[in-house]
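2 protein chains.
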Amino acid sequence: MITLCEKREKWPVQGEIITIGNELTSGMTLDVNGWYAAGRLTASGLQVTRITSVGDDYASVSQALKSAMKESSFVIVTGGLGSTDDDITNEIVSKALQRPLCLDKEMFEIIKRHTASHGAEMCRSLEKMAWVPDGSKMLSPEGKACGFSLVENDVRLYFLPGVPDQMRYLIDHAVIPELRSLYTKLPVTMCRTLKVYGLSEPRIAEIFRDLNKKTGKALIGFYPHFPENHITVSLTTERARDGLHELDRIETLIRKELGPAVFATGEDSMAEIVGKVLSARKLTVSVAESCTGGLIGHLLTAVPGSSRYFLGGIVSYGNEAKTELLGVQAETLEDYGAVSNETVREMAEGVRNRLHSDLGIAVSGIAGPGGGTREKPVGTVHLSLASAEETPSQGYRFWGNRHAVKLNSATMALDWIRRYANGDPLLPGI
Amino acid sequence: MITLCEKREKWPVQGEIITIGNELTSGMTLDVNGWYAAGRLTASGLQVTRITSVGDDYASVSQALKSAMKESSFVIVTGGLGSTDDDITNEIVSKALQRPLCLDKEMFEIIKRHTASHGAEMCRSLEKMAWVPDGSKMLSPEGKACGFSLVENDVRLYFLPGVPDQMRYLIDHAVIPELRSLYTKLPVTMCRTLKVYGLSEPRIAEIFRDLNKKTGKALIGFYPHFPENHITVSLTTERARDGLHELDRIETLIRKELGPAVFATGEDSMAEIVGKVLSARKLTVSVAESCTGGLIGHLLTAVPGSSRYFLGGIVSYGNEAKTELLGVQAETLEDYGAVSNETVREMAEGVRNRLHSDLGIAVSGIAGPGGGTREKPVGTVHLSLASAEETPSQGYRFWGNRHAVKLNSATMALDWIRRYANGDPLLPGI
């Protein structure tokens, strides 16, 4: 992260996360559990000071647990609660904290019901999961997943399964509600993400150098999320309503400075925003893709209900497809080449006519690694957008490998549709 | 991971990884650096016992460093080497190990050259990066990225930037070569991945229950990698040649059991394999996509040089596009619906004719969440493949959300092309 403004608050409640599994320390599996738990806890006003991944052996787990308990109010442990021989968290905790394993009858019943509902038979290894350290409290909101918690030396310990869906469910429905009810004076950390496309990182940094004076106590972060940039505004507040007002105020400030480069607030993807704008304006679109190979259509159709505004597309990868399927003149291709304003204009008009859509967007470029020339190096991409009124076209030069050029080209195409439908100026090119 | 067979070896050299950054402990960023380093080290015969993520403050970093040094032969630290105010690893290490910061002139020159080549000016904050703890050795193979290493109490410490590309480059080109040269007796862990499509997880587990008796000391793992399944065979050996023979033997065993469901060994994606098979057979292909919206074309064109065999496609999202662009009969759509063997057959033949390709593949289905009926629920997808000889078609039922259905449909389409070109039978459907 590049922190654009540094005003950190002191946090009242700190905790740690321990994720268990040889698949983590051997690099077979990415630790998405630690990441998820940290994000949710942070957003709830609880600070995570350390995330530790260890293998599933007694020495590593018990040492990590003891070390974490020294300096934390809470410790969240994930992994090793399952039914296989690898799953030894219960035993380790029992031994490390000197609490004998006891059968939790309620948990046993839940596991039994769950097993039966999957048409499987209850066996010893499944029963094992219900033997938990003495004094444990089962965590199983609505019986959807099972974990347990313990209090040892005033430290609250949570043990959750490593299966991501179950772990997430328990974090959201058991751990965070309990911690927040324990620490009622906990401030809330509120966060808002603004998504930006088409402004370079140095340019954004420059804008924020001035903005920082006006953003009060909010912490403003900046995350490249290729080919977009995401700006997060987070602040810690006693009262959610005050925080909301402050976030609104800062969002207005940022939007004033960045203009239409801010394409979304929150979770919406570029394709979802395009879908909303097209639906609101009652416009339909079709796509003529060359170097993107189908990616624009794929992104547009990732949105449920996109058939209302997306009519279809033509992937004219070869020149023959461009002339036969889109009606691009052979002379245009000869005189200007496939990657040119002239060609993309005919592609955009061709696809718009053939699919009877309000808008037709076309992209042709050199994704690389081969195919570049001195005049048109790899990364040269031309776009055009045909409507009933006009057919603007423009060239861009994108950096990066084949995938990066494809993704940037497709995102630029979506951004053109958005800007056109909103009446905003298109991004300047080469 | 589901370990299909459990035969672990004892490791001679152990180390730890520390990743630094508030963006990690706050859950803003997923720790891909720890994961990458752990995977590469493990594959090189070095064991990672712990991965710790801490915030960028003195207390957390120095404590993590000291704790790691107690039990490790090497420690890899990533993050905090950059030019912003957050980047304080050098200072922390200097203070924690009581080694004053000294200017590394060689590193300074590299940073200066790098800065100039980006058209930027050298400034104080960039110079800061070249001030490293006394006794540090610069790591900068071919000047492509900069880190440094230290030896303290016989423990080898590596400090690498947090930027993933640079970190990975240094792990592969500096850290691992040095560690392997230090521990020459290190056994090699060799790993081979076999990629499988179209066999369910229980079916694979069943096959391996029998296979396990024949796979000797090799550790066989199984990773769902939707919609594929990846089987990894890893073994630790003194001599690479022996290991290679053993991996070959086991691969042959597995391929014999799984047949054409194994589509690749190693890094190749399904689209790359399809490209290789089409190139070898001198066949061209075109695609007619409905529910996949362009994804098949996108996957095919992710491969450099795909223009040699991929001629283009038609994304016929609406029914009108199916009749007008592909020549599907209106009666076919009326009588059988857009998601039917009859329609996809006309789509496949239509796209093959219009693009003059050897093969034409077509997909039409219900990606959801809406649009399902009792006879054709969400996830119902029909495929067809037209060639000069025949046009087989088949229906499938895929599980999961919209993205899962799209991805499974597109992968099935690629698998059809691969199987057809190889002369293998197509996967049975509903």
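If you read the sequences in order, they're chains G and D.
Take 67 as the starting number for the first sequence in the numbering used here and just add one per residue.
Take 67 as the starting number for the second sequence in the numbering used here and just add one per residue.
Each residue gets a CB set at the ideal place from its N, CA and C atoms; glycine is no exception.
Fair warning: this is a prediction, and the values are worked out from it, not measured in the lab.
Residue interval of the alpha helix (DSSP H) (run including residue i)
i        : result
D/Gly379 : Here D/Gly379 belongs to no alpha helix (DSSP H); instead the beta strand (DSSP E) covers Phe376 to Val381.
G/Arg463 : Counting along the chain, G/Arg463 falls outside any alpha helix (DSSP H), though it belongs to the beta strand (DSSP E) covering Ser459 to Arg463.
D/Tyr224 : Not the alpha helix (DSSP H): D/Tyr224 falls in the beta strand (DSSP E), residues Val221 to Leu226.
D/Gly495 : Per DSSP, D/Gly495 belongs to no alpha helix (DSSP H) and is neither H nor E.
D/Leu310 : Ala306 to Leu324
G/Ser345 : Met336 to Arg347
D/Gly105 : Val98 to Ala109
G/Ser126 : Tyr124 to Glu137
D/Val471 : Arg468 to Asn488
G/Ile362 : Leu361 to Leu366
G/Ile158 : Thr155 to Ala162
Chain-ordered chain G contacts of residue i [CB-CB under 9 Å]
i        : result
D/Met256 : Chain G residues near D/Met256: none, gap ~14 Å exceeds 9 Å.
D/Phe376 : Gly359, Val381, Tyr383 and Gly384
D/Leu216 : In chain order: nothing, as chain G lies at least about 23 Å away.
Extent of the continuous beta strand (DSSP E) run through residue i
i        : result
D/Met413 : Looking at the DSSP string, D/Met413 is not in any beta strand (DSSP E); the run it does join, the alpha helix (DSSP H), is Asn407 to Leu421.
D/Ala428 : Leu425 to Gly431
D/Gly213 : Gly213 to Glu218
G/Arg116 : Gln113 to Val120
D/Leu395 : Sequence inspection shows Gln at residue 395 of chain D; the Leu mentioned does not correspond to that position. Where D/Gln395 is concerned, there is no enclosing beta strand (DSSP E), given that its DSSP letter is neither H nor E.
G/Gly81  : Gln80 to Ile86
D/Glu333 : Run containing D/Glu333: none; DSSP gives neither H nor E here.
D/Leu451 : Thr446 to Ala452
G/Val143 : Phe140 to Thr144
Any C-beta of chain C under 9 Å from that of residue i
i        : result
D/Asp238 : Chain labels in this structure do not include chain C; the protein chains are G and D.
DSSP bridge partner residues for residue i (one or two, in chain order)
i        : result
D/Met256 : D/Leu301
D/Asn295 : D/Val262 and D/Pro290
D/Lys203 : D/Ser215
D/His239 : In the DSSP output, where bridge partners are listed per residue, D/His239 has none listed.
D/Arg440 : D/Arg440 pairs with nothing; no bridge assigned.
D/Trp197 : D/Leu169
G/Glu355 : G/Val381 and G/Val429
D/Phe274 : According to DSSP, D/Phe274 bridges with nothing at all.
G/Leu285 : G/Ser300
Residue i at chain G interface by Cβ criterion, 9 Å
i        : result
D/Glu312 : no
D/Pro443 : no
D/Lys194 : no
D/Leu107 : yes
D/Glu75  : Unreliable positioning characterises D/Glu75 in this predicted model, as indicated by a pLDDT of 43, which lies under 50. The coordinate reading is nonetheless provided below. For D/Glu75, the answer is no, since every Cβ of chain G falls outside 9 Å of its Cβ.
D/Lys472 : yes
D/Thr19  : As shown, chain D starts at 67 and ends at 496. That puts residue 19 of chain D outside it, with no answer to give.
D/Ser266 : no
D/Ser133 : yes
D/Thr298 : yes
Under 9 Å from the C-beta of residue i: neighbouring residues of chain D
i        : result
G/Asp97  : Leu96, Asp97, Gly100, Trp101, Ile117 and Ser119
G/Leu391 : Gly378, Ile380, Leu391, Arg420 and Leu421
Chain D residues whose Cβ lies nearer than 8 Å to that of residue i
i        : result
G/Tyr124 : Residues of chain D passing the Cβ test: none, with the nearest at roughly 13 Å.
G/Thr302 : Neighbours of G/Thr302 on chain D: none; closest Cβ ~12 Å, over 8 Å.
Interface residues of chain G facing residue i [CB-CB closer than 7 Å]
i        : result
D/Ile362 : Gly360
Within chain G, the residues that residue i reaches when beta carbons sit closer than 8 Å
i        : result
D/His469 : Ala368
D/Gly371 : Gly436
D/Val114 : Thr91, Ser92 and Gly93
Chain D residues whose Cβ lies nearer than 7 Å to that of residue i
i        : result
G/Ala104 : Thr91, Ser92 and Gly93
G/Ala387 : Leu377, Gly378 and Leu421
Min CB distance residue i to chain D below 9 Å
i        : result
G/Lys261 : no
G/Glu333 : no
G/Glu355 : yes
G/Ala130 : yes
Residue i beta carbon near the ligand SAM (any heavy atom closer than 8 Å)
i        : result
D/Met413 : You won't find the ligand SAM in this model; it holds no ligand whatsoever.
(request) Give, in chain order, every residue of the stretch 399-433 of chain G whose Cβ lies closer than 9 Å to some Cβ of chain D. (result) Arg420, Leu421, His422 and Ala433
(request) Residues of the stretch 277-295 of chain G with a CB closer than 8 Å to any CB of chain D: list them in chain order, please. (result) Gly287 and Tyr289
(request) Please name the residues in the stretch 442-462 of chain D whose beta-carbon is closer than 9 Å to at least one beta-carbon of chain G, in chain order. (result) none
(request) Check each residue of the stretch 338-352 of chain G: if its Cβ is closer than 7 Å to any Cβ of chain D, include it; give the result in chain order. (result) none
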